[in-house]
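Each residue of the sequence shown is one higher than the one before, counting from 1 in this note's numbering. All C-beta atoms, glycine included, are put in the ideal place defined by N, C-alpha and C. It should be emphasised that the depicted structure is a prediction, and the values quoted were computed from it without experimental measurement.
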Amino acid sequence: MKELTKAEEQVMQILWQLKEGIVKDVLAKMPEPKPAYTTVSTVVRVLEGKGFVGHKAYGTSHVYHPLIGADEYKKLAFDKLLKTFFNDSVKELISYLAKEKQLNITDLAELILLSERGKK
Numbered sequence: 001m002k003e004l005t006k007a008e009e010q011v012m013q014i015l016w017q018l019k020e021g022i023v024k025d026v027l028a029k030m031p032e033p034k035p036a037y038t039t040v041s042t043v044v045r046v047l048e049g050k051g052f053v054g055h056k057a058y059g060t061s062h063v064y065h066p067l068i069g070a071d072e073y074k075k076l077a078f079d080k081l082l083k084t085f086f087n088d089s090v091k092e093l094i095s096y097l098a099k100e101k102q103l104n105i106t107d108l109a110e111l112i113l114l115s116e117r118g119k120k
């Protein structure tokens with residue numbers, strides 16, 4: 001699966017929220033300062049080319065919808081992060097979080113519980 005740019009991820013987040021919509025719907029959900037309509041339209045078409053978005057044509061209008069679910073993309077993005085920055089090691093990730101994000105013992109205990117539940 002191809003990587004998404006920040007702008008593409010932003011559009012995908014909006015489409016996941018909307019479920020489907022035209023470019024104007026996506027633009028309406030974007031924060032200020034809003035990009036140009038043509039910019040959003042281009043990003044949506046690039047996402048379609050990458051296989052993340054599909055559309056239904058109604059006359060001259062296109063209603064876009066995600067082809068990849070948010071959870072599926074989250075898993076792919078996390079797996080890439082884990083592999084790229086933590087040598088594909090959850091232990092290294094947890095060690096980093098404990099040091100850099102100052103996880104306390106309660107946070108670590110919750111992570112252990114979640115890990116145990118995931119194994120069942």
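Item to complete: Output the boundary residues of the alpha helix (DSSP H) element that contains Ser95.
Response: One-based indexing of the sequence shown puts residue 95 at position 95. 90-100 is the extent of the alpha helix (DSSP H) around Ser95.
Worksheet item: Taking the continuous alpha helix (DSSP H) assigned at Gly49, which residues delimit it?
Response: Your numbering for residue 49 matches position 49 in the sequence shown. Taken as a continuous stretch (DSSP letters only), the alpha helix (DSSP H) holding Gly49 covers 37-49.
Worksheet entry | Nearest to Gly21 (by Cα), restricted to the options Thr106, Ile94, His65 | Looking up residue 21 in the sequence shown gives position 21. Minimum Cα distance to Gly21 is reached at His65.
Fill in: At least 3 beta-carbon pairs within less than 8 Å: the stretch 4-24 vs the stretch 53-67
yes
Practice prompt. Throw me the rounded Cβ distance for the Leu97 and Asp88 pair, which I believe falls under 8 Å.
Written response: For the purposes of this step, residue 97 is identified with residue 97 of the sequence shown, where counting begins at 1. For the purposes of this step, residue 88 is identified with residue 88 of the sequence shown, where counting begins at 1. At roughly 16 Å, the Cβ-Cβ gap does not stay under 8 Å, so Leu97 and Asp88 are not in contact.
Worksheet item: Helix or strand or just coil, what does DSSP make of Gly69?
Response: In the sequence shown, residue 69 corresponds to position 69, counting from 1. For Gly69, the secondary structure class from DSSP, reduced to helix, strand or coil, is coil.
Practice prompt. Flag this pair as touching only if the stretch 2-11 and the stretch 41-50 have three or more C-beta atom pairs under 8 Å; answer yes or no.
Written response: yes
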